[in-house]
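Note sheet for the following structure.
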Amino acid sequence: MKAENYDRYLWIGLALTLAVLGGLIAAWILEPVRLVAAAEEVNQASLKRGRQLYIDNCTSCHGSRGEGVVGPALNNKTLLKTASDEVMFATIKAGRPNTSMPAWGQDTGGQLTDENIQDIVTFIRAWEPNAPEVVTDVFEPSPARGAALFASSCFTCHGENGQGGIAPALNNPARLSTLDDDWYRQTIANGRPAKGMPTWGTVLSPNQIEDLVALIGAWRRSEQVAPDTTVADLLNLALFSLSQGDTEDAVFYLNRAKPGAFGPALEQFDPIIAQIETQETEKALITLNDLRTQWPIGDAASGEEIYVDACKGCHGSEGQGGVGLRLKPSQFVQTSSNADLLTLLFNGRPGTAMRSFSDRLSEKQLADVIAFLRTWQE
Numbered sequence: 020m021k022a023e024n025y026d027r028y029l030w031i032g033l034a035l036t037l038a039v040l041g042g043l044i045a046a047w048i049l050e051p052v053r054l055v056a057a058a059e060e061v062n063q064a065s066l067k068r069g070r071q072l073y074i075d076n077c078t079s080c081h082g083s084r085g086e087g088v089v090g091p092a093l094n095n096k097t098l099l100k101t102a103s104d105e106v107m108f109a110t111i112k113a114g115r116p117n118t119s120m121p122a123w124g125q126d127t128g129g130q131l132t133d134e135n136i137q138d139i140v141t142f143i144r145a146w147e148p149n150a151p152e153v154v155t156d157v158f159e160p161s162p163a164r165g166a167a168l169f170a171s172s173c174f175t176c177h178g179e180n181g182q183g184g185i186a187p188a189l190n191n192p193a194r195l196s197t198l199d200d201d202w203y204r205q206t207i208a209n210g211r212p213a214k215g216m217p218t219w220g221t222v223l224s225p226n227q228i229e230d231l232v233a234l235i236g237a238w239r240r241s242e243q244v245a246p247d248t249t250v251a252d253l254l255n256l257a258l259f260s261l262s263q264g265d266t267e268d269a270v271f272y273l274n275r276a277k278p279g280a281f282g283p284a285l286e287q288f289d290p291i292i293a294q295i296e297t298q299e300t301e302k303a304l305i306t307l308n309d310l311r312t313q314w315p316i317g318d319a320a321s322g323e324e325i326y327v328d329a330c331k332g333c334h335g336s337e338g339q340g341g342v343g344l345r346l347k348p349s350q351f352v353q354t355s356s357n358a359d360l361l362t363l364l365f366n367g368r369p370g371t372a373m374r375s376f377s378d379r380l381s382e383k384q385l386a387d388v389i390a391f392l393r394t395w396q397e
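When the letters of the sequence shown are read in order and numbered with the numbering used here, they come out as residues 20 to 397.
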């Protein structure tokens, strides 16, 4: 019987083994490339979803190219270098309290899932390689703004012009020479609960605190600071004084308001002052109350331009609403006086996306915006 020759099978087995081994080696070598390609495919899908989510939810405040509108610029090299993906994710999800940035996460009252938020972060991060350096406006603290803020929030305890009352005098040379700006900054922000000083950092913005510190610095230099008070505030003070029978103060506040007044309302000041001086108090009260309610009277055409620049990002180019409320038409605008609307625009609504415009637009500019909004209610 002839012996079986297995050499051929051995060579075939060896060849198959080498082929399998070669395939495994090739797969091992190529696996990182495959993983990178797969990751890139996933990243591109996330990028595409994030782009649409950004367009739908973020452009009104941050701009279509991340250039910033009401909210800060996100297409900003410094921001993207310093903010990690985790920080951006947390900010989008939970918002930033006491700013116009709302919480977008579903478990914090928003409408976006965690996956949605991650997609937006991926889209924003894609700007980093070509992001420009954004130069932000430098905030200049104002003693005059600080004086107006002090008059509305601090004088009840610390007295007019900081001369003292229930709480210690702040406009005191010995105290001012001992305590520096940083001490006042920290005390205003954090309060001194044991001594009855509230924590104003939860109420005032950092810029408002800086304005108060600037006022205290002016006192330290023995400077006299006149409050940066609006015509609306002065009309309120004049009306209150007149209602209390204090005609001298009423005339004083009206005369202070006149230089800042504008438009048709300016013609009403002298007749009201004349009524007060001739002791026609009841007539003056009616006329002054009408003026205060109607104030300010602006120009709608100018207001449209200001609206486009400052308001359309949240409220829509045609007032249709978005992040902000619908304004065309708006029952709130229809039922609010010009004075009420001016107060809202000056102060904003803390804890919402409606910011204060007191540091961005003048009383005249806000009057023009109000006049423009009135045209949408007709």
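Virtual Cβ for every residue (Gly too), placed ideally from N, Cα, C. Nothing here was measured: the structure is a model prediction, and the numbers come from that model.
- The continuous alpha helix (DSSP H) containing P162 extends over residues 162 to 172.
- With respect to the 8 Å criterion, W238 and L168 are not classified as neighbours on the basis of their beta carbons.
- With a cutoff of 8 Å on beta-carbon distance, R204 and V222 are scored as not near each other.
- Leaving aside the five residues that flank K96 on each side, the residues in its chain whose CB is nearer than 6 Å to its CB run, in chain order, A150, E152.
- In the same chain as G282, and ignoring 5 residues on each side of it, the C-beta atoms closer than 6 Å to its own belong to I316, in chain order.
- G343 counts as buried, since no fewer than 16 other beta carbons sit within 10 angstroms of its beta carbon.
- Taking D309 as the centre and dropping the five residues before and after it, the same chain places no C-beta closer than 7 Å to its C-beta.
- Looking at the DSSP output, L131 sits in a beta bridge with G124.
- Under the 8 Å Cβ criterion, the segment 245 to 256 counts as touching the segment 269 to 276, having at least three qualifying pairs.
- Going by DSSP, C80 is part of the alpha helix (DSSP H) stretching over 78 to 81.
- Listed in chain order, the alpha helix (DSSP H) runs fully inside the segment 286 to 339 are 288 to 296, 300 to 313, 319 to 329, 331 to 334, counting runs of at least 4 residues.
- In the structure shown, M216 adopts extended strand secondary structure according to DSSP, grouped into three states.
- Going by beta carbons, S349 and Q294 fall outside the 8 Å limit.
- Apart from sequence neighbours up to five positions away, the residues of its chain that approach P212 with a beta-carbon distance below 8 Å are T218, ordered along the chain.
- Residues of the same chain with a CB within less than 6 Å of the CB of G322, apart from the 5 flanking positions on each side, are D387, V388, A390, F391 in chain order.
- The alpha-carbon of A109 is positioned some 29 Å away from that of S377.
- Around the beta carbon of P246, 16 or more other beta carbons sit within 10 angstroms, so the residue counts as buried.
- Fully contained in the segment 187 to 247 are the following alpha helix (DSSP H) runs of length 4 or more, in chain order: 192 to 197, 200 to 209, 225 to 239.
- Residue nearest to I136 within the set D104, E147, S161, S381 is D104 (criterion: CA-CA distance).
- Taking C-beta atoms as the reference points, G279 and V244 fail to come closer than 8 Å.
- Per the coordinates, the alpha-carbon of L364 lies some 14 Å from the alpha-carbon of K331.
- Sixteen is the threshold: when 16 or more other Cβ atoms of the shown chains lie within 10 Å of the Cβ of P162, as they do, the residue is buried.
- Linking I44 to A38 through their CA atoms gives a straight-line distance of about 10 Å.
- Closest in C-alpha terms to E147, from the list A102, H177, P187, comes A102.
- A193 sits exposed, since fewer than 16 C-beta atoms from the chains shown fall within 10 Å of its C-beta.
- E397 carries a coil assignment under DSSP once its states are collapsed to helix, strand and coil.
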